[in-house]
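Residue 376 in my numbering sits at position 369 of the sequence shown, with consecutive numbering throughout. Cβ coordinates follow ideal geometry from the N, Cα and C atoms, glycine included. The structure presented is a predicted model; accordingly, all values stated were derived computationally and were not measured. These notes are about the structure you will find just below.
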Amino acid sequence: MTNYTEIDISFTYDYWKPNKTADKKVIDLQGKLSTIEMLKVFSAGVNKVTDFQLGSQPIQSFIKYIDEEKPKFDVILYEDLTHLAYLGFLHKLGYPPLISMYSLVLFCGHDFSGQLPCNPSHMGEIMLGSTNKMNFYERVQNYMIYFYLKLVFARDLYKSNNELASKYFGPDCPPVEELAQKRSLLLTSSSWIFEYARPVFPNTILVGPLHIQDTTKPLPQDIDAWIRGAEKGFIYFSLGSNVRSAALDESKRSAILAAFNEFPELRIIWKWEEEELEELPSNVICRKWLPQQDLLAHPKAKLFISQGGLQSLQEAVHYQVPIIGIPFFGDQNFNVRIIPRLGIGTFMEYEDISTETLVRDIKQILHNESYSANVKRVSSIVKNQMMNPRDTAVWWVEYVLKAGGNVNHLRP
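See the structure below:
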């Protein structure tokens, strides 16, 4: 594409390692952090990552290009999470329309623009995993996390990100909390079936899932041959890109393998980050990288065991594969509670993993046809949209552009 330039900052993953920016408990599965601990880890880690990225050669070269060439950009699309110092680009580029994007479900206390209505009495905090059906204790807990986010987390985040914005975009850069208010539109890669019903303003548009492939590709030859030999289908097991399966506690690893050994009629494909896993049952193979959507699209896919990221959940639903969620951090705690609500699978906490619990849940899903029927029903609901999600997102971006960025009639 002649009109497309990408600045690759994937090297950030080499920086986001245990003992550097992230807590060993999170990445290396040595336990599960409390919500407050997790927020503290995120705050410290995000600040270091933002500083690292903005100071990197590719980003510095881009900032220099802006200063020297004075390019004109029609719109900024911005991943609106906690890297608020990036809003300095809005100031640097002369305030083109700002469109925020979420790759997660809708926030409550995490929204820094003030453009998402939030009532913690019935809107759960995603990191806490609260649902819309809370008892009194859960509501109190939800309120406490909400006010911690608003009073402590946001204060510290604004302070550190304002320092970074001044460092990289100049001392005249306005406060990031002021820049965040200039959001014209929010596009979130979620859909209402993965949310709890809640009010939103007209400038919040749910356009998910945005990442589903238009067509699937043939599987690698060795994987394809392995699957063809599966008498009763296969289970796909992956904990995503931010949590390392290879760092599983030895007792958990043994429990998982023992559970898989109880299903000789099935084959299991496990995303495993290291060279090999010792003492594998004959029905299990491991690979460092796997084409997740192509695997889930295969007709022999019977079950997906996942960390519960939103994109993984959307893929399981799209390809009609029941799911077992095992959450570790962030929005995963929220997402996995949607799974039993929709009747498309189960979830368990990391601490509860044992041979018995895994065998129980695998049998429950494989032998109860309601899970398969429900995931097909939910899949048809998600796919029943007026336009392709990507076309919808493009339409709204163009709507903002045609209005010259002036969409105050949509804003609170």
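Original post:
Where does T12 fall in DSSP's three states?
Top reply: coil
Original post:
Among residues of its own chain, excluding the 5 on either side of T28, which ones have a beta-carbon nearer than 7 Å to its beta-carbon?
Top reply: Residue placement at T28 cannot be trusted, given a pLDDT of 43 that sits under 50; what the coordinates show is reported in the next sentence. Hits under 7 Å: Y22, G52, K55 and V56.
**OP:** Ignore the nearest five residues each way along the sequence and tell me which others in G136's own chain have a CB closer than 8 Å to its CB.
**Re:** P334, N340, F341, V343 and R344
Original post:
How long is the line joining the alpha carbons of Y85 and G62, rounded to whole angstroms?
Top reply: 18 Å
Subject >> Segment limits, beta strand (DSSP E) that includes W277 >> reply: R274 to K278
**OP:** Pull up the distance between the alpha-carbon of Q1 and that of D74, whole angstroms please.
**Re:** Nothing about residue 1 can be read from this structure; the chain reaches only from 8 to 419.
Original post:
So the alpha helix (DSSP H) A323 belongs to, where does it begin and stop?
Top reply: L317 to H325
Subject >> Three-state secondary structure (DSSP) of L4 >> reply: The shown model of the chain, from 8 to 419, leaves out residue 4, and the question about it has no answer.
Original post:
Considering only residues of the same chain and omitting the five flanking positions on each side of I83, which have a CB-CB separation below 8 Å?
Top reply: F96, L97, L100, P103, P104, L105 and I106
**OP:** Assign H305 to one of two classes, buried (16 or more other C-beta atoms within 10 Å of its C-beta) or exposed (fewer than that).
**Re:** Residue burial annotation: H305 is buried, with at least 16 other C-beta atoms found within 10 angstroms of its C-beta.
Subject >> Beta-bridge partners of A308, as assigned by DSSP >> reply: Paired residues: F241.
**OP:** Determine which residues share a DSSP beta bridge with T353 and list them.
**Re:** I331
Original post:
Should V291 and F311 be called a contact, given that it needs their Cβ atoms to be closer than 7 Å?
Top reply: no
**OP:** On the DSSP bridge assignment, give the partners of R294 in chain order.
**Re:** Under the DSSP definition of a beta bridge, R294 partners with K278.
Original post:
Around the Cβ of P209, are there at least 16 other Cβ atoms within 10 angstroms (buried) or fewer (exposed)?
Top reply: exposed
Subject >> Cβ distance (whole Å) where D368 is taken to contact I331 below 8 Å >> reply: 5 Å
Original post:
For L164, does the three-state DSSP call read helix, strand or coil?
Top reply: helix
**OP:** Kindly confirm or deny that the segment 278–285 and the segment 241–258 touch, where touching means at least three C-beta pairs closer than 8 Å.
**Re:** A contact exists between the segment 278–285 and the segment 241–258.
Original post:
What three-state label does DSSP hand L113 in the structure shown?
Top reply: Coil.
**OP:** Give the DSSP-derived three-state secondary structure of A29 in the structure shown.
**Re:** No answer about A29 holds up, because its pLDDT of 46 lies below 50 and its placement is not dependable.
Original post:
What's the C-alpha gap between F354 and K79?
Top reply: 48 Å
Original post:
Taking Cβ to Cβ, would you say I346 is nearer than 7 Å to V385?
Top reply: For I346 and V385, no; Cβs fall outside 7 Å.
Subject >> R274 classed as buried or exposed, judged by whether at least 16 other C-beta atoms fall within 10 angstroms >> reply: By the beta-carbon neighbour count (other beta carbons within 10 angstroms, threshold 16), R274 is buried.
Subject >> Under 7 Å between C-beta atoms of I234 and V389 >> reply: no
Subject >> Coarse secondary structure for E170, derived from DSSP in three states >> reply: Three-state DSSP puts E170 in a helix.
Subject >> Backbone CA spacing between F49 and M130 [nearest angstrom] >> reply: 22 Å
Original post:
Is the distance from the Cβ of L194 to the Cβ of P396 below 7 Å?
Top reply: No, Cβ-Cβ distance for L194 and P396 is not below 7 Å.
Subject >> Contact under 7 Å by Cβ, G177 with S197 >> reply: no
Subject >> Contacts around P206, its chain only, beta-carbon distance under 8 Å, and the 5 residues preceding and following it disregarded >> reply: P124
**OP:** Put S198 into one of helix, strand or coil per three-state DSSP.
**Re:** In the structure shown, S198 sits in coil (DSSP, three-state: anything other than H, G, I, E or B).
Original post:
Which partner residues does Y85 have in the DSSP bridge list?
Top reply: S107
Subject >> Counted within 10 angstroms of its Cβ, other Cβ atoms place D359 as buried (16 or more) or exposed >> reply: exposed
Subject >> The beta strand (DSSP E) enclosing T211, as first and last residue numbers >> reply: Segment T211 to L213, the beta strand (DSSP E) holding T211.
**OP:** Answer with buried or exposed for K166, where buried requires no fewer than 16 other C-beta atoms within 10 angstroms of its C-beta.
**Re:** By the 10 Å Cβ count, K166 comes out exposed.
Original post:
Hey, how far is the Cα of L111 from the Cα of L317?
Top reply: 6 Å
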